[in-house]
Amino acid sequence: MDHHTTKRGNYESGSDYVLEYGELRFTFNERDFTERVEQAAIKLGFVRGSLGTDEREDLVNLAVNGEIIEAASDLGNHINSCWGDLAGPSDRSLVHWLRRLVFRGAWLDQRVKEGELEVVFDDTTQSFGYAQPDRDWELVELSPEPSWSRVAYRR
């Protein structure tokens, strides 16, 4: 009997940043990682719209280091002044959710690349989602993320 198991590939766009979870190791180039962190912050309601270079630098430092030692922008100063509302227990912190959304996005992208998932448009919600072709196109249900809009950075 053939016991064929599929080894899932790791996401890779470069070697500037690394996220590991269990046996998965995802590596990112600087631009990919920065864009993913910015998109995660937007999805979490913490920032609105496109950020400036210094603001992105602070956001990436937060995601990578878990804190901002020396702020490069008003966003970094805002993060430090609101730190009590952003830190919280590990599974409820902004840092955790930034990392989680970056990882989740890369994991989903890798599953699409390998043909395990397909990106589909849902007419009822007017949004994109992920469907599983080998499961009668069942949609992947993503866990909801919390909102940080009450302490969001506003210019």
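FYI, the numbering for the sequence shown is 4 to 158, going by the numbering used here.
Here a beta-carbon is modelled for each residue, glycine too, at the ideal position from N, C-alpha and C.
None of the values given here were measured: they were computed from a predicted structure.
Around the Cβ of residue 70, are there at least 16 other Cβ atoms within 10 angstroms (buried) or fewer (exposed)? Counting from one through the sequence shown, the residue named residue 70 turns up at place 67. By the beta-carbon neighbour count (other beta carbons within 10 angstroms, threshold 16), residue 70 is exposed.
If you scan the stretch 73–118 from start to end, which runs of the alpha helix (DSSP H) of 4 or more residues do you find wholly inside it? Qualifying alpha helix (DSSP H) stretches, in chain order: 77–84, 86–89, 97–116.
Do three or more CB pairs link the stretch 47–54 to the stretch 23–32 at distances below 8 Å? Contact between the stretch 47–54 and the stretch 23–32 is absent: fewer than three C-beta pairs spanning the two stretches fall below 8 Å.
Give me whichever residues DSSP pairs with residue 135 in a beta bridge. What you label residue 135 is simply residue 132 of the sequence shown in a count that begins at 1. For residue 135, DSSP records a beta bridge to 141.
Tell me, which residues are paired with residue 30 by DSSP? Position 27 of the sequence shown, counted from the start, is the residue given in the question as residue 30. Beta-bridge annotation (DSSP): residue 30 is paired with 15, 21.
With burial defined as no fewer than 16 other Cβ atoms inside 10 Å of the residue's Cβ, what is the status of residue 128: buried or exposed? Along the sequence shown, one-based indexing puts residue 128 at 125. With a threshold of 16 other beta carbon atoms within 10 Å, residue 128 falls short and is exposed.
DSSP three-state assignment for residue 152, whether helix, strand or coil: One-based indexing of the sequence shown puts residue 152 at position 149. Helix.
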